[in-house]
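S.K.:
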Amino acid sequence: MSIGLRWVLTLLLLATTATFLDISAIGAELGDFPVPMLLAAMAISVLQVLVSAWRWRYTAGRLAINLSFAGAVREYYLATFLNQVLPGGVLGDVNRAWRHGLDSGSRLGAVHAVMIERLSGQLVMISVALGLGTWLAFYQGRIIGMLSDLGGLAVAVAAVVMIMLGLAARFWARGRGYVHALRRDIRKSLLSWPAILVQVSSSAVVVATYLGVFAVLATGAGHWAGPSEALTVMALCSLLLLAMAVPVSVAGWGVREGVAALLWPLVGLPPEQGVALSVGYGLAVLVSSLPGVLFFLNGRRTGC
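Residue 0 is where the sequence shown starts when you use numbering that gives the first Met the number 0, and the numbers rise one by one after that.
(1) Take the Cβ of I195 as the centre, count every other Cβ of all protein chains shown within 10 Å, and call the residue buried at 16 or more, exposed below.
(2) Nearest CA to the CA of V123: which residue from A203, R61, G219, T231?
(3) Could you pull the start and end residues of the alpha helix (DSSP H) that V247 belongs to?
(4) Just confirm the distance between the C-beta atoms of I64 and S119, as a whole number of angstroms; I'd bet it's less than 8 Å.
(5) Please report the distance separating the alpha-carbon of V266 from that of Y209.
(6) Report buried or exposed for I22, applying the criterion of at least 16 other Cβ atoms within 10 angstroms of its Cβ.
(7) State the beta-bridge partners of P86 as determined by DSSP.
(8) Under 8 Å: do the segment 221–230 and the segment 245–254 share three or more Cβ pairs, one atom per stretch?
(9) Does the segment 25–43 come into contact with the segment 282–291, if we say contact requires no fewer than three beta-carbon pairs (one atom in each stretch) closer than 8 Å?
(10) Scan the segment 220–290 and note each continuous beta strand (DSSP E) run of 3 residues or more that stays entirely inside, going in chain order.
(11) Spatial neighbours of T16 within its chain, please: C-beta separation below 6 Å, excluding the five flanking residues on both sides.
(12) Between the C-alpha atoms of L239 and V113, what's the straight-line distance to the nearest angstrom?
(13) Taking the runs of the alpha helix (DSSP H) that are 4 residues or longer, which of them lie wholly in the segment 43–85?
(14) So, helix, strand or coil for W192, using DSSP?
(15) I need the DSSP call for L20, collapsed to helix, strand or coil.
(16) How many angstroms separate the CA atom of A78 from the CA atom of L8?
(17) Buried or exposed: where does L146 fall if 16 or more other Cβ atoms within 10 Å of its Cβ makes it buried?
(18) Where does G104 fall in DSSP's three states?
(19) Rounding to the nearest angstrom, what Cα-Cα distance links G150 and G132 in this structure?
(20) Could you check the C-alpha separation between F137 and I125 for me, to the nearest Å?
(21) Give me the residue from Y177, P193, L276 with the minimum Cα distance to A24.
(22) Does the count of Cβ pairs from the segment 44–63 and the segment 182–200 closer than 8 Å reach three?
Rendered as structure tokens:
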């Protein structure tokens, strides 16, 4: 999908979602986010970048590639900013791998370090989302309704998975040597001991910061009155994170809001509340990524 088409799709998704909602109610919800809570959400996003950069550095080290922590933080901020403003959500990581490859002299290893570091985070995020989503389905007693309403999303995710499997099969037939190298590096930096413990632990912290941003905003806006309500909203937010992994828009905009508009009514909550929380999350992450602009203008690379 071209860059321009993804921008169009993002705007179309946002416009379509807004058509079926009360815009004034969304604005009122956004106005309920206190400034201190917004600042706290952005501070959590800073922690997210620091832990993610450390995870990347650890992954590169397991592959015998040098990467300083300061350089990793700079590049991660730059990648986060680019992922926020460019379609697909991965172009910043592609740039991060390319720049590190130039500095380290190991282009394939640098690419694998980024791929595996992202894979570690995605696996933990999917596990958390599926766990909380399953609890929510049973807790709410609306399993059939949730499966029906989320059928479209499930079909879309299944289609993406099938396409990826098809491409992987073709790639396996044409590049078995590379697949062997990738499998070796995954074993070294993700599946061996103690790498698997370090990867899962650091990725769990990163996923906790994702949910932490949502939690701070929801707390500030008074979206829950007790532990069960809090866990319900966090379960919904974990599903939003899972939906954002589908790379069809810019930084998940449109997809995240559309899924929020579908999910919140399933548990008896107004869709405007979920959409406002989604928009607040997107804005907090975007603002917290702005230091990446400085590194973009500076032009420095990883500093191995």
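From the three backbone atoms N, C-alpha and C, an ideal C-beta is built for every residue, glycine too.
M.R.: With the given structure in hand:
(1) The sequence position of residue 195 within the sequence shown is 196, counting from 1. By the 10 Å Cβ count, I195 comes out exposed.
(2) As a first step, residue 123 must be located in the sequence shown, where it is residue number 124. For V123, the nearest C-alpha among the options comes from A203.
(3) Reading the sequence shown from its first residue, position 248 is the one you call residue 247. Note, V247: premise wrong, no alpha helix (DSSP H); not H, not E.
(4) In the sequence shown, counting from the first residue as 1, residue 64 sits at position 65. In the sequence shown, counting from the first residue as 1, residue 119 sits at position 120. With 8 Å as the limit, I64 and S119 do not qualify as a contact, their Cβ atoms being about 16 Å apart.
(5) If you number the sequence shown from 1, residue 266 lands on position 267. If you number the sequence shown from 1, residue 209 lands on position 210. Roughly 22 Å separates the two Cα atoms.
(6) By one-based count along the sequence shown, residue 22 stands at place 23. With fewer than 16 neighbouring CB atoms inside 10 Å of its own CB, I22 falls in the exposed class.
(7) Locating residue 86 in the sequence shown gives position 87, counting from the first residue. Answer by DSSP bridge pairing, in chain order: V249.
(8) no
(9) yes
(10) none
(11) By 1-based counting over the sequence shown, the position of residue 16 is 17. Cβ within range, chain order: E256, G257, A260.
(12) On the sequence shown, position 240 is the one that residue 239 refers to. On the sequence shown, position 114 is the one that residue 113 refers to. Going from the Cα of L239 to the Cα of V113 covers about 23 Å.
(13) 68–84
(14) Numbered from 1 along the sequence shown, position 193 holds the residue referred to as residue 192. Coil.
(15) Numbered from 1 along the sequence shown, position 21 holds the residue referred to as residue 20. Looking at L20 - three-state DSSP - the assignment turns out to be coil, as it is neither helix nor strand.
(16) Translated into the one-based positions of the sequence shown, residue 78 becomes position 79. Translated into the one-based positions of the sequence shown, residue 8 becomes position 9. So the two alpha carbons sit approximately 22 Å from each other.
(17) For the purposes of this step, residue 146 is taken as the residue at position 147 of the sequence shown. Unreliable positioning characterises L146 in this predicted model, as indicated by a pLDDT of 47, which lies under 50. The coordinate reading is nonetheless provided below. Exposed, by the Cβ-count rule.
(18) Position 105 of the sequence shown, counted from the first residue, corresponds to residue 104. Correct three-state label for G104: coil.
(19) For the purposes of this step, residue 150 is taken as residue 151 along the sequence shown, with counting starting at 1. For the purposes of this step, residue 132 is taken as residue 133 along the sequence shown, with counting starting at 1. Per-residue confidence for G150 stands at a pLDDT of 49, beneath the threshold of 50, marking its modelled position as unreliable; no derived number is given.
(20) Position 138 of the sequence shown holds residue 137. Position 126 of the sequence shown holds residue 125. Cα to Cα, the separation comes out at about 18 Å.
(21) Translated into positions along the sequence shown, residue 24 becomes position 25. Measuring from the Cα of A24, the nearest candidate turns out to be L276.
(22) yes
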